[in-house]
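Novice: Just so you know, the sequences run in chain order A and B.
Under this note's numbering, read the first sequence as residues 729 to 841, first letter to last.
Under this note's numbering, read the second sequence as residues 12 to 126, first letter to last.
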Amino acid sequence: ETGVTQSPTHLIKTRGQQVTLRCSSQSGHNTVSWYQQALGQGPQFIFQYYREEENGRGNFPPRFSGLQFPNYSSELNVNALELDDSALYLCASTEAEFTDTQYFGPGTRLTVL
Amino acid sequence: GENVEQHPSTLSVQEGDSAVIKCTYSDSASNYFPWYKQELGKGPQLIIDIRSNVGEKKDQRIAVTLNKTAKHFSLHITETQPEDSAVYFCAASWDYGGATNKLIFGTGTLLAVQP
């Protein structure tokens, strides 16, 4: 186990709704990255948070947004859900000053109907 | 653009045989190459990684090799066991200005080890 936890494990939403996913990083890790993994594909980088600031973003629209809290836990928010947002959402944490190694949580499976 | 190609997409081996998975990356600035194992219903688990200043790294039955000139890197698993069955992802990253490198993943290899 990596020590990275995510909630909820899975959820079902309908098109147009909004969703919030949560990630608790490994103790001591100040950087959280979020990835989207569609079925049968590799994870794709959404964005990264470092010390509560967004610190890099992939090719995702603004309706994907996030937060990082003082304890370094993080949220991913997705507005106006689309069918193509159905995927496994993964967060990964690291201690950026010391290593490149990222440790992934178990993911949240989002289904949009 | 940033791209990582991974082959094969599926690989079936007999228990005890070796397995090799190959990846090619597009950006010559890539400097960090991790390999992840993902079991059904779980998140990716780091199994080994290598940096661009090293050509080969080994950890028990697992080894990774890197050819920077050809922009290739490979995962080698020896003496495979049924519990090695999973999806394996390679990834490449480089310093894009963020706090830590973003990972660009390959499309994955489904490894099946037949007892």
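Using N, Cα and C, we set each Cβ at its ideal position, and we do this for glycine too.
(1) Taking A:Asn773 as the query, report the chain B residues whose CB atoms sit under 9 Å from its CB, ordered along the chain.
(2) So, using beta-carbon positions, are B:Lys113 and A:Ser761 closer together than 8 Å?
(3) Can you give the Cα-Cα distance for A:Arg750 and B:Ile61, rounded to whole angstroms?
(4) Following the continuous beta strand (DSSP E) through B:Leu77, name the residue where it begins and the one where it ends.
(5) Does the beta carbon of A:Tyr817 come closer than 8 Å to any beta carbon on chain B?
(6) Which residues, in chain order, does the segment 29–58 of chain B contribute to contact with chain A at a C-beta distance below 9 Å?
(7) Anything in chain B within Cβ reach of A:Thr829, meaning under 8 Å, just list it in chain order.
(8) Using a Cβ cut-off of 8 Å (strictly closer), state whether B:Ser63 contacts chain A.
(9) Examine chain B for any beta-carbon lying closer than 8 Å to the beta-carbon of A:Gly926, and answer yes or no.
(10) Flag B:Ser96 as yes if its beta-carbon sits less than 8 Å from any beta-carbon of chain A, otherwise no.
(11) Exposed or buried, which one is A:Leu841 when buried takes at least 16 other CB atoms within 10 Å?
(12) State yes or no: is the beta carbon of B:Ser85 nearer than 8 Å to at least one beta carbon in chain A?
(13) Verify the CB distance criterion: does B:Ser104 have a CB-CB separation below 8 Å to chain A?
(14) Can you give me the C-alpha to C-alpha distance between A:Thr737 and B:Thr80, rounded to a whole angstrom?
Specialist: The structure says:
(1) Sequence check: residue 773 of chain A is Phe here, not Asn. Those are Lys113, Leu114, Ile115, Phe116, listed as they occur along chain B.
(2) In this structure, A:Ser761 lies closer than 8 Å to B:Lys113 by Cβ.
(3) Approximately 30 Å between the Cα atoms of the pair.
(4) Segment 73–78, the beta strand (DSSP E) holding B:Leu77.
(5) A:Tyr817 is outside the set of residues whose beta carbon lies under 8 Å from a beta carbon in chain B.
(6) Within the segment 29–58 of chain B, the qualifying residues are Asn42, Tyr43, Pro45, Tyr47, Gln49, Gly52, Lys53, Gly54, Pro55, Gln56, Leu57.
(7) Within 8 Å of the CB of A:Thr829, the CB atoms of chain B belong to Pro45, Leu57, Asp60, in sequence order along the chain.
(8) Any Cβ of chain A closer than 8 Å to the Cβ of B:Ser63 would place that residue at the interface, and such an atom is absent.
(9) Look at the range of chain A in this structure, 729 to 841, and you will see that residue 926 of chain A is not part of it.
(10) Not one chain A Cβ lies under 8 Å of B:Ser96.
(11) When all chains shown are included, A:Leu841 counts as exposed.
(12) Answer no: the Cβ-Cβ gap between B:Ser85 and chain A never drops below 8 Å.
(13) Yes, contact with chain A.
(14) In this structure, the alpha-carbon of A:Thr737 lies about 42 Å from that of B:Thr80.
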